[in-house]
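J.: Can you keep this structure in mind? I'll have questions shortly.
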Amino acid sequence: MSAGTGRGSDGSCGEAGPLAPGEVRVYVVDEAAPDLHERLDGWRGLMSAEEAARWQRFRLAHLRDRHLAARALVRGVLSLHMPQVAPRDWRFSQTAHGKPVLDGETAGRIGFNLSHTDGRLVLAVALAPAVGVDIERRDREAEMLDLADRFFARGEAAALRALPQADRRRRFFDLWTLKEAYIKAQGLGLSLPLSSFEIDFPQAEGREDGDPGRLTLRLPQDAAPTTALPGGPGDAPWHLWCLDAGADHALALALCGEDDWRPRLFTGLPPGDFRETACRVLRRTAPLGQASRPQEARRRGSQAASAAAFSDDGKP
Numbered sequence: 054m055s056a057g058t059g060r061g062s063d064g065s066c067g068e069a070g071p072l073a074p075g076e077v078r079v080y081v082v083d084e085a086a087p088d089l090h091e092r093l094d095g096w097r098g099l100m101s102a103e104e105a106a107r108w109q110r111f112r113l114a115h116l117r118d119r120h121l122a123a124r125a126l127v128r129g130v131l132s133l134h135m136p137q138v139a140p141r142d143w144r145f146s147q148t149a150h151g152k153p154v155l156d157g158e159t160a161g162r163i164g165f166n167l168s169h170t171d172g173r174l175v176l177a178v179a180l181a182p183a184v185g186v187d188i189e190r191r192d193r194e195a196e197m198l199d200l201a202d203r204f205f206a207r208g209e210a211a212a213l214r215a216l217p218q219a220d221r222r223r224r225f226f227d228l229w230t231l232k233e234a235y236i237k238a239q240g241l242g243l244s245l246p247l248s249s250f251e252i253d254f255p256q257a258e259g260r261e262d263g264d265p266g267r268l269t270l271r272l273p274q275d276a277a278p279t280t281a282l283p284g285g286p287g288d289a290p291w292h293l294w295c296l297d298a299g300a301d302h303a304l305a306l307a308l309c310g311e312d313d314w315r316p317r318l319f320t321g322l323p324p325g326d327f328r329e330t331a332c333r334v335l336r337r338t339a340p341l342g343q344a345s346r347p348q349e350a351r352r353r354g355s356q357a358a359s360a361a362a363f364s365d366d367g368k369p
């Protein structure tokens, strides 16, 4: 396997090597995987004292298991890309708005973001500080139109209401995960309302020529550049993707950077047993050179607690 390809001749991730510029890798863990519970005890030694103390505070077994798997996932994947650092040796801190980032000598080396929903854990990593990922189950009960009216931008809520009823659930969860991924990439937490930016779906999904449907991100004219993260990208362009995670899940990815970024998808178990799988992009913002910077959006909203109304994975 050549360094940086992340893939051996048998398709396994194995020693993934360093991340290549312009790629963002998404690692998916199925909590129902038969081998997951057999590995839990072996992961306890990877946690820091703070992580172990939090793990002990969870009363429900499945929440303890999820916390342990999440810690092993983050630490194991980071060590895939920087093997000189053992999984147990990674150190973390938080930004002023609570986003976890690398600390110490590795600070700023790799951007990462974690999300979970019932049954799935997802981690995104890239050579960029502003990266965000979100996954949700599509079968979750939700008053979609009411939530959209309360928390989305006006244009998004109107577009959702105009869809046939059969299409609303897919659009709602695609839009929710995209907006959550963007907020998490910004690193501003609940201080950035869901209504303060607008995402349009100008084309149909999955055209016959294989080109994914488009997304358009519109920001307020007075939107501040990303400054919540160390080494933030300033006014670099934003990239958004809806990725195929199966019929039962919505998966979205957001990243800020000058490169024309390419997502890659891996499935398996932490700390490093992953295999690359086909990454089908359902929708994305236009590649660089095909679109201008995000346009002016509707006015900034004011519902600062909007993300907490539906999220269950400890945003940001």
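In terms of the working numbering, the sequence shown opens at residue 54 and continues consecutively.
Beta carbons are placed, not taken as given, at the ideal position from N, Cα and C, and that holds for glycine.
#1: For Leu318 versus Leu296, is the C-beta spacing smaller than 8 Å?
#2: I want to know whether the segment 186 to 196 touches the segment 128 to 145 - three or more CB-CB distances under 8 Å.
#3: Could you please give the first and the last residue of the uninterrupted beta strand (DSSP E) stretch that includes Leu376?
#4: Got a sec? Which residues, its chain only, sit under 6 Å from Met100 by beta carbon, not counting five neighbours each side?
#5: According to the neighbour-count rule (16 or more other Cβ atoms, all chains shown, within 10 Å of its Cβ), is Arg144 buried or exposed?
#6: Is Glu91 buried or exposed, if buried means 16 or more other CB atoms sit within 10 Å of its CB?
#7: Compute the Euclidean distance between the alpha carbons of Arg162 and Leu155, then round it to the nearest angstrom.
#8: Quick one: Cα of Lys237 to Cα of Leu245, how far?
#9: Can you check DSSP and say which residues form a bridge with Val79?
#10: Is it the case that the Cβ atoms of Arg271 and Pro255 are separated by a distance below 8 Å?
#11: If you draw a straight line from the alpha carbon of Gly157 to that of Leu121, how long is it in whole angstroms?
#12: Looking at the unbroken beta strand (DSSP E) that takes in Gly266, where does it start and where does it end?
#13: Beta carbon of Leu72, beta carbon of Val178: below 8 Å?
#14: If Val82 sits next to Pro316, beta carbons under 8 Å apart, how far is it from one beta carbon to the other, in whole angstroms?
#15: Please report the Cβ distance between Glu84 and Arg193, rounded to the nearest whole angstrom; I am assuming they are in contact, meaning their Cβ atoms lie under 8 Å.
#16: Could you name the residues that DSSP lists as bridge partners for Ala329?
#17: Any beta-carbon of chain D closer than 8 Å to the one on Ala331?
#18: Could you pull the start and end residues of the alpha helix (DSSP H) that Gly95 belongs to?
T.: Taking the structure as given:
#1: yes
#2: When Cβ pairs closer than 8 Å are counted between the two stretches, the segment 186 to 196 is seen not to touch the segment 128 to 145, the count staying below three.
#3: Residue 376 is absent from the model: the chain starts at 54 and stops at 369.
#4: For Met100, where only same-chain residues beyond five positions count, the Cβ hits under 6 Å are Arg124.
#5: exposed
#6: exposed
#7: 8 Å
#8: The straight-line gap from Cα to Cα measures roughly 10 Å.
#9: Ala177 and Leu318
#10: Not in contact: Arg271 and Pro255 (Cβ atoms no closer than 8 Å).
#11: 23 Å
#12: Gly266 to Leu272
#13: yes
#14: Going by Cβ atoms, the distance from Val82 to Pro316 rounds to 17 Å, so no, they are not a contact pair.
#15: About 16 Å; that fails the 8 Å criterion.
#16: First, the residue type needs correcting, since residue 329 is Glu and not Ala in the sequence shown. Beta-bridge pairing links Glu329 to Phe319.
#17: In summary, chain D is missing from the structure at hand, where a single protein chain is found.
#18: Leu89 to Trp96
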